[in-house]
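Following: one structure in structure tokens, then a few remarks.
There are 2 protein chains.
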Amino acid sequence: MPSKPRNPSPPSSPAGVSGLVRASDTLAGVFAALGDPTRLKLVAVLCAGGAFSIAQLTTGTDISRQAVTKHLQVLSDAGVVRDVKMGRERLWQLEPAQIDEARRMLEAIGREWDVALNKLKMFVESAE
Amino acid sequence: MPSKPRNPSPPSSPAGVSGLVRASDTLAGVFAALGDPTRLKLVAVLCAGGAFSIAQLTTGTDISRQAVTKHLQVLSDAGVVRDVKMGRERLWQLEPAQIDEARRMLEAIGREWDVALNKLKMFVESAE
DNA sequence: GATAAATGCAACCATAAAGTTGCAAATTGT
DNA sequence: ACAATTTGCAACTTTATGGTTGCATTTATC
Chain A
1 MPSKPRNPSP PSSPAGVSGL VRASDTLAGV FAALGDPTRL KLVAVLCAGG
51 AFSIAQLTTG TDISRQAVTK HLQVLSDAGV VRDVKMGRER LWQLEPAQID
101 EARRMLEAIG REWDVALNKL KMFVESAE
Chain B
1001 MPSKPRNPSP PSSPAGVSGL VRASDTLAGV FAALGDPTRL KLVAVLCAGG
1051 AFSIAQLTTG TDISRQAVTK HLQVLSDAGV VRDVKMGRER LWQLEPAQID
1101 EARRMLEAIG REWDVALNKL KMFVESAE
């Protein structure tokens, strides 16, 4: 008789993060938007609180204005930035709600990790 | 006389985040690694603290084992996970240091944003 | 009203990313 | 020894990404 597969342990997320995993698709979108050096720098500039035009945001990068526009569009699709039309220019500003939610997810992961470490520590100590 | 360009305001990141922007390339790598629903779920599972094999981690996804291996490799390149060889299986576990740094960057961005809002609020009040 | 500035739009290109399949190699259990 | 498990490796396909260039469009300024 051939041996049977002994693999059937489907791991699941801990309760603390399961709620955030439910929104993992939108959250992954936020992380993906931040996952590019150019876009991360754009966000870092915008977090100063002002509203900047595309031409202004292009100054300081070594890519074309159209490329910056594309990056801003990616950030906008992820809900990280907003644009406001002002005359002939389009001003961009931060929309920190999604970033805040991403931060909370990373916090939850760190918390769960600490809990797991504590459990392991207590287990080791009880075996001494 | 033709008018001259009046654009020369190169925006710069505020002091609070400039230090983190310096490491923006590695940080962007971490965000990019988290920027995929499958990988985000893998991280959520691993944050429970255990060490899981590739076959175990594949259970629960709807993609092939080889695809999961590729995702784990991406997370490993970003320094988010570590692997340990145990007999014929390869166990993966979380490496929370990079995730923690990413969380700190999001915190810094949120802080700068709050500072900017406060400045604006004080300016408006002083004009009344 | 002519000119310059800021942006929008579209086509295009090169490379990377996400997934698949097929097969070889190492390790474990009977 | 043999069979089953787990993984590794390589080739391949499809689609997304990041970037470019060229030109049209809207808006301000003189």
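Chains as they are written, first to last, in my numbering: chain A, 1 to 128; chain B, 1001 to 1128. For glycine and all other residues, C-beta sits at the position ideal for the given N, C-alpha and C.
Exposure of residue i, with buried meaning 16 or more beta-carbon neighbours within 10 Å
| i | result |
| --- | --- |
| M1105(B) | buried |
| K119(A) | exposed |
| D36(A) | buried |
| L34(A) | buried |
| G87(A) | exposed |
| A108(A) | buried |
| E112(A) | buried |
Whole-angstrom distance between residue j and residue i, CA atom to CA atom
| i | j | result |
| --- | --- | --- |
| R1082(B) | S1053(B) | 12 Å |
| E1089(B) | H71(A) | 41 Å |
| S24(A) | L1040(B) | 7 Å |
| I1063(B) | Q1056(B) | 13 Å |
| T61(A) | S1018(B) | 15 Å |
| S1012(B) | A1051(B) | 43 Å |
| S1076(B) | A1116(B) | 36 Å |
| V136(A) | V1084(B) | Absent from the model: residue 136(A). The displayed extent of chain A is 1 to 128, so no value can be given. |
Bridge-paired residues (DSSP) for residue i
| i | result |
| --- | --- |
| S53(A) | L91(A) |
| K85(A) | R90(A) |
Backbone secondary structure at residue i - three-state DSSP
| i | result |
| --- | --- |
| D62(A) | coil |
| D36(A) | coil |
| A78(A) | coil |
| S24(A) | helix |
| P14(A) | coil |
| A67(A) | helix |
| A1048(B) | coil |
Margin query: Taking 8 Å as the cut-off, does the segment 38–57 of chain A touch the segment 1036–1046 of chain B (at least 3 CB pairs, one atom from each stretch)?
Written below: no
Item checked: Cβ contact (3+ pairs, closer than 8 Å) linking the segment 1096–1103 of chain B and the segment 95–110 of chain A -> yes
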